[in-house]
Every structure is written in C-alpha cells, then in structure tokens.
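A quick write-up on the structure given underneath.
Number of protein chains: 4
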Amino acid sequence: MIKVTLLEHTPNPERVVAMAARLCYSASGAEELAEKMTDEQVEKLVAKIVQMGHASTMEHVSFTFGIEGVSRVLTHQLVRHRLASYSQQSQRYVAEHDFEYILPPTIADKPEAKARFEALMNDIRKAYDDLSEMGVPKEDARYVLANATETKIVVTMNARSLMHFFNLRCCNRAQWEIRELAYKMLEQAKEVAPLLFKNAGASCVATGHCPEGAMTCGKFSEMIKMRVK
Amino acid sequence: MIKVTLLEHTPNPERVVAMAARLCYSASGAEELAEKMTDEQVEKLVAKIVQMGHASTMEHVSFTFGIEGVSRVLTHQLVRHRLASYSQQSQRYVAEHDFEYILPPTIADKPEAKARFEALMNDIRKAYDDLSEMGVPKEDARYVLANATETKIVVTMNARSLMHFFNLRCCNRAQWEIRELAYKMLEQAKEVAPLLFKNAGASCVATGHCPEGAMTCGKFSEMIKMRVK
Amino acid sequence: MIKVTLLEHTPNPERVVAMAARLCYSASGAEELAEKMTDEQVEKLVAKIVQMGHASTMEHVSFTFGIEGVSRVLTHQLVRHRLASYSQQSQRYVAEHDFEYILPPTIADKPEAKARFEALMNDIRKAYDDLSEMGVPKEDARYVLANATETKIVVTMNARSLMHFFNLRCCNRAQWEIRELAYKMLEQAKEVAPLLFKNAGASCVATGHCPEGAMTCGKFSEMIKMRVK
Amino acid sequence: MIKVTLLEHTPNPERVVAMAARLCYSASGAEELAEKMTDEQVEKLVAKIVQMGHASTMEHVSFTFGIEGVSRVLTHQLVRHRLASYSQQSQRYVAEHDFEYILPPTIADKPEAKARFEALMNDIRKAYDDLSEMGVPKEDARYVLANATETKIVVTMNARSLMHFFNLRCCNRAQWEIRELAYKMLEQAKEVAPLLFKNAGASCVATGHCPEGAMTCGKFSEMIKMRVK
C-alpha cells in the first residue's frame, strides 16, 4: 500500500503564486502585494493563472512528500522527473534482510501467479541472506534484489513541476503504480492548495487535449462528446 | 537601497534537511523520522551535512525573497542562475514615467560625475515621456531606459542553489550590487536556518578554497595565514 | 539587424533522435541501431516522434547559435529560458564607447520619435565617455547604457528546449524583437534538421492549440476555420 | 562487460568552448572569433578555462554515449544526474526472457557465492517466463527481475555536467560499477577533447580538494604528500 505524506510545503501557497503573478504587472513591491491582496483577489487571480497557464509563477511554491510502500520500478521512473529533488533509502547502506515487496494486481489476481511470485521473493530473500553470510557486502548483495522490492523516498517538487508530473502520471496510459502515487500526491496537494490544483491531473483533464495520439485511452474523446451534448 | 524580504520559506527547514539525509541511511520512513528526531539530533546532523557537503538534501527546502531597489544590471546577472524561479516587474506592461534608479558608489562619490549621471537620468525620463506622447507603446519606449533603472523581482531558490549563489556572489570579486544583494539574502536566510547557513558565503569561507586563481582578492591567502598562526 | 549563425550542432541530429527513440523499445544497443537504421526508417520515426511529442529523445541533439545585433531588452528575456546555455559579451569588461543600438520599428516609423531617440543615444554615449574620463570604471559607467544597446551572445539549446522556445517566442503575442530572433533561429535549425523542425513554431502551429486564452491573436481561430472548410 | 560508445558530440568542442569564453571579453562576434582564433590560441584558452573553472562555457558542447552491459543498479544511480538526457531500454515494452545480468566482483570471486547468484538468476528467468505464460503482462512480470539485470541506455551530457559527473563517480568512494562506467566515458571524451578533459576525474584530481571528509579514501592525502616532497 502506497503511503504518501505531505511533510511540508511553502506556507500560503496560493497567496504566494498570486503575489508573484501580480508583481509582473504592478508598480508595487512583493511584500506590499502579499499583504494587501484580499482573499478574493487571490482566489480570482489563481483561477486566472491556472486557466492561462502562467506556469512560471507556480514555481515559487514547493511541496515535500514522504513516500513509502512503493517499488523500485516506480522510483526508477519517478527520478526521471528532473525538475525535482530526491532523497532515497539506499540499498548500498541499508540492509534488506527483511525487505517488503510490491505485488502487481495482475499477479495478485491469479492465485497460481501469486504463489509463484511469493515463492520467488522468499528465494531472493534467502539468497540475499546467504550472500551476506558468505561475506558479500550489502552494496553487492543488493544485485539479487527484485524490482518489486519496497523503497522509501522523499520528493520535493514545485507546483509547476507537480502539474506536469500529474499531466503525465495521472494519465490512464501511465504505469499503474506511479499513477496510483500521482493521484495520492494530487489529493494531498489539493488539500492545502485547492484552487491551484483544482483542475490538475492528466493532460486531457488539465489542459484540454490528449497528447497520446493513436495510443489514447479514449477518455478524452468521451470528454469531448459529453461537452458537445 | 536594496530591500530584501524573506516572504516565505519551507517551515522547519533544518528538520526537513536532517530528515531527508537520515532517510537515506535508515529503515524508517520520512514521517516517522521527521517526528522522532530530537532537536539535538537535527542540529548534529545538519552540521555534518554542511561540513560533508551532502548538498542534495538541502534541495528540499526553499526560500522566496521579495527584492526591490535593484537595477537591471543586477537582475540580468541574477536571472543567469538557472536553478531558481523568478517573477519580475515587466517594463513591457508597467509604465516607467516615474522610474527610480540605482546610483553606483564610484559615481556617487564624485560630485561632477553624480551631476552628470543625474542629469542624464532626467533626460532619459523626459525622452521616455516624449516617446509615449508620440504614441510609442511602453514595450518600445523602454528601449531608452538605462541599465540603472530600478526593478522589482521575486526569487525562489532552494538551499543548495542559495549556497552556490552565495559562493559566487558574496565573493569580493563579484560585482558590488549583486554582492550587496547576496549578503542581504544570506542574512535573512540565516535568521530562519542558522545552522544550515552558518558557514555560507563566498567560496573561500564556505568551502575552504578560492577558485579565482590569479584573480583572487587575497582574502583566502589571509585566511590561510591566520590559521597557520 | 539581427544576425544569427548556427555555429555547431550535433552531427546527424535526426538519426540520433530516431536511434534514441528506437532504443527504448528494442533489444538492440545504440551503436547497432544508429548504424542499421535506413534513412527511410529514420524519416518515418522522426515524423512519429514529432507528432507524438516524444520530447525527451529530442534532448540528445543540441544547437549552438552565435547571435549579434540584438538589444539587452532581448537578452534579458532570452536568458530567462533556463534549459539552455549562454555566454554573453560582458559590459563589465568590454568598453562600450562605440556601442550600437537597436531601433524599435514603432520609433523608426515616426521621424520625430526617431530623432528624439537618436539624440538620446548620442547623449548617453557622451555621458558614458565623460564618466569614463572622470575615472568611473566600465562596470559602473555601464549603468547609463540603454536597454537598446547592442549585445552579442552565444546560445546552446537542445532540440526539445528549442521547440519550447519556438512555441513561446514565434507566437504573435511575443515581443517583436525576440520573435524575429526566434524565426531566424528556426530557419537555421530547419536547414540541418528539416524533419525535426518541420512543424516547429508558435504553439498554435506546432501543438494545435493556443494557450493565450482571451489574449489570443486570433490566428488559431483562423486556422481552425480554414480546416473546417 | 560495460560497453561505452561515444555516438556523437559537438564538432570542434575545444574551439567552441574557447570561442564562447572569448566572446564574453571581446567586442567581436562569435562567428568571427570561431574563425579567427588560431589552434594555439584555442589551446591556451582551454587550458585557462579548465584551470579557472570557467564552467559555463563548457556547457556549449555535448557528448552522446551509447551504454550497454550495465545493471539497473547503475542506471538508477546514473539517472539521478539531472543535468543530462536519457533514453533507456524499457522493461515495460521489451521482453526480458533472455536477460543478461551483471555479476559483482565480490560475488564472482567466491565460487560458492557465484553459484548461488547464478542459480537465482535462472530461477528469476524461469519465474518471468512462467508469469508471462500465465498471462501476466511484461510491465508486471518485470517486478521479479533483479537489480542485476542488464540494461541499455543513451546518455547525453554537456562538458560541464560531465566534469561534475567525473568528480563524483571517478572517486574511489563511488560504487564500483558506476565508477567503471565513468572511467570509460572519460576515456572516450578525452579522445575527442584531450585538453578539456586533461585533468578531469575525481574531485581530488580535478579540483585539488577532497570533499569526502572523514570518509576519504586517503588518495588525496597521498597526493598532497607527493607534492610536498
């Protein structure tokens, strides 16, 4: 089970974004704007920023998530998002004798497949222990560990980077595990910045067009039909 | 006069950095670490992180500054720091009929030079007004504005990026205006994260070596001599 | 007059992009793919990459442009593109006694405005010289120089970053000077990678949607109408 | 066996870097400088750039490597270098029935450990095949694959980013597999840009100081002693 905790975030994220946007078009300074803007003005401006995609102003607020219960399949994909910061539990330094693992639903659903998978995980654990006892250091024993092995990671992204992450990873075409993570992160981000992340999500939902071409899941066409009705 | 205001920053910045560093070497998750670490443990670990230069963990905390009273000489340098986010007052959209300007000390110190400079600024203001009256739009009238023209900008950097900024811009070899800005930003950052920024500053001070080679200001050699004594 | 020269670029840019894209879905290695792919296969794959927006593969090829005859209005905007590399002629180190300047068309078109503008440029040149003679160093004398002052810059961007640059800066809503630059860069890039940059340009042309909302120039609506006919 | 191929790189890399550096301090444009500089001038300037660490000019040249025969232990570390571009063979789309694997030396050296490791790899291959036959899709069957599984990747870095990569990964404290990769990449880069990469390598060699503190391998102290003699 993926566990996502929003550990910290820039305080007053929507006020900060609105202030930064306002500064570009105003003779006043940032401090003055941050203080003087009413809640209503912030609300209206954030809605406009999101709609217009004035994305650079969203970079001023960042969100730090603690993530557990995910596989290294997921983190190898996650860390490919380069406009973000990561600190990950190291298999070089942390012993993995009692590793947990992530069981994909298509395997969990088939009893035979599940048994095969779990037996293998036990085999791997045994091999890791055996190699350790033979004097192989942790940094090399880990070569036997499976992609399924559970890992923990702290991720910080600013709101612009998060929006892009949601565009790609909330998409039905994204791999199921990172999609589940993306939705949990979105849920947490929305709680502290509901206006900013109101329409955040897969490209079709957030930007009104689907970049998947012939690989589309069809959701976007459905959305368009609904709108036409 | 440069005015720097720390508008917002990641709450508990030192605890966040310590937690992220700890996570890499621990079997526990981020939330648990963030809660369980004592203030003493945080202090000790931050000191170690800074000393060892475990820089990636410093990226999880960011600082948003409102900056006023600086020239476009300064901002053209500032925005060259690419691992940062900017929102700047636009000369395309904001009228500059009453622009302020930054007077360099070497000019301020010479009455004749100062008079020459100020007369020119008045000339420029007059030309800007004249062109506006002739129907030239703001986005083109601004072509006459001087580098000295005052501008306002909001900057967000994470602690790692800030450290690097201080390395380069607190250096005696940096241009005087951006150096003044850097010291003011450092002062503000230190107030909310004193351990993290304790030794921050020019490369010689922060990293114990001077990269300026033959162009060195000599401060580093002085430091070395002091230590040897 | 803006002068743009494509100084260097990754050789065989389209083959490199195609090879990188192919590698993701193939059991073969990069060298083998780079050698074995026929020109036809490269062409077909590049067309597909562009259409699907498989943007990450475009990052493997980069383009280095020498740019002259542009103002510091332009470069202050240009260097805000952070996924790029810059080396710019320094006003701190290079004397500007004989600076050239960029004359905006809206000023050039009005004889009176043009005369006012040119007289001011002469004034500024005179002030720069006077201050230099009074012993003011170059790094401070430059505070009087106008935004219009000509500068030179070398820019390197990879193809993905260039595509994004063209999306924003070939747009009719972009400022005229940087738009002119963008079109000249696009022209040069197209000469060496015609398939890759075939549809590159403003968002409406390249991605099939206009992000400018209420500020749209209307070109996109025109495009849509044309298609419907 | 790691196989590294330098697939493409910016032509005339040292001339480009020298030209970019020269431009900052010259009244001439890039094209003129690129043509007029003699080979001797280029050599002298590159040596100075490297010594002074004028790193930004090194960004104008980039290098694209094809890499094979490495584990996913290695690539999970590699892709953490964010100022770089990657295209990696996908375990989601490419079937891994006949995967190769990387055998760590500490395991290869112990016959018993080696046998244990190889038996496990066969088990994993069998499990992957079994799950596939049970209808589990590739994207989920891959959860059983080991960290040791061979992968292929294309990497592009500019010279500045490469220098930093070598600082960290040629270090004796780096993990053995990625260190081996780093040395092979350095070797290839040196062949086409010998002056630029002349002193490239671990921090101690390249920058003259060791950032590893109490964790130092001792090589730096040895270097210092040699110099004192």
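Chains as they are written, first to last, in my numbering: chain A, 7 to 235; chain B, 7 to 235; chain C, 7 to 235; chain D, 7 to 235.
All C-beta atoms, glycine included, are put in the ideal place defined by N, C-alpha and C.
Every value quoted in this text rests on a predicted model; they were computed, and no experiment measured them.
Per DSSP, cross-strand counterpart(s) of residue i
i, result
"A:F107", "In the sequence as presented, Phe is not what sits at residue 107 of chain A; that position holds Tyr. A:T155."
Unbroken beta strand (DSSP E) run spanning residue i, endpoints
i, result
"D:E14", "K9 to H15"
Span of the alpha helix (DSSP H), counted from its first residue to its last, around residue i
i, result
"D:E20", "P19 to C30"
"B:E218", "First-last for B:E218: undefined, no H or E at that position."
"B:A33", "Taken as a continuous stretch (DSSP letters only), B:A33 belongs to no alpha helix (DSSP H), as it is neither H nor E."
* **Unbroken stretches of the beta strand (DSSP E), 3 residues or longer, contained in the segment 51-105 of chain A** => 68-77 and 91-94
For the segment 133-211 of chain A, list the alpha helix (DSSP H) runs that are entirely contained and at least 4 residues long, ordered along the chain. 144-147, 165-175 and 182-198
Count Cβ pairs between the segment 23-33 of chain B and the segment 144-163 of chain B that sit closer than 8 Å; are there 3 or more? no
Going along the chain, which residues of the segment 161-191 of chain C sit with their C-beta nearer than 9 Å to a C-beta in chain A? none
Handout entry: Against chain D: residues of the segment 52-70 of chain B by CB proximity under 7 Å
Key = Q57, M58 and G59
Item to complete: Pair every Cβ in the segment 43-60 of chain C with every Cβ in the segment 120-133 of chain C, then say whether three or more of these pairs are closer than 8 Å.
Response: no
Can we say the segment 106-125 of chain A touches the segment 35-44 of chain A, given the rule of at least three CB pairs closer than 8 Å?
no
| said: Under 9 Å, CB to CB, which of the residues in the segment 97-123 of chain D have a partner in chain A? | reply: Q97, R98, Y107, I108, L109, P110, P111, T112, I113, K116, E118, A119, R122 and F123
>> Does the structure place the segment 83-95 of chain A close enough to the segment 171-185 of chain A that three or more beta carbon pairs sit under 8 Å?
In response: yes
Quick test of the definition: if touching needs 3 or more C-beta pairs under 8 Å, does the segment 60-74 of chain B touch the segment 177-192 of chain A? no
Report task. With 7 Å as the limit, tell me which residues of the segment 200-228 of chain C have their beta carbon closer than that to any beta carbon of chain A; keep them in chain order. Result -> H215, P217 and G219
Exercise for the section: Flag this pair as touching only if the segment 202-211 of chain A and the segment 10-29 of chain B have three or more C-beta atom pairs under 8 Å; answer yes or no. Expected result: no
Just checking, does the segment 98-116 of chain A make contact with the segment 189-202 of chain A on the three C-beta pairs under 8 Å criterion? no
query: Are three or more beta carbon pairs between the segment 214-226 of chain C and the segment 138-149 of chain D nearer than 8 Å?
result: no
Next item on the list: Closer than 9 Å, Cβ to Cβ, to anything on chain D: give me those residues from the segment 131-149 of chain C, in chain order.
Entry: none
Exercise for review: Note down, in chain order, all residues in the segment 72-87 of chain A with a beta-carbon under 7 Å from any beta-carbon belonging to chain B.
Suggested key: G72 and E74
### Query
Between the segment 10-24 of chain D and chain C, which residues of the former have a C-beta closer than 8 Å to a C-beta of the latter?
T11, L13, E14, H15, T16, P17, N18 and V22
Is the segment 64-78 of chain A touching the segment 8-17 of chain A, taking contact as three or more C-beta pairs under 8 Å? yes
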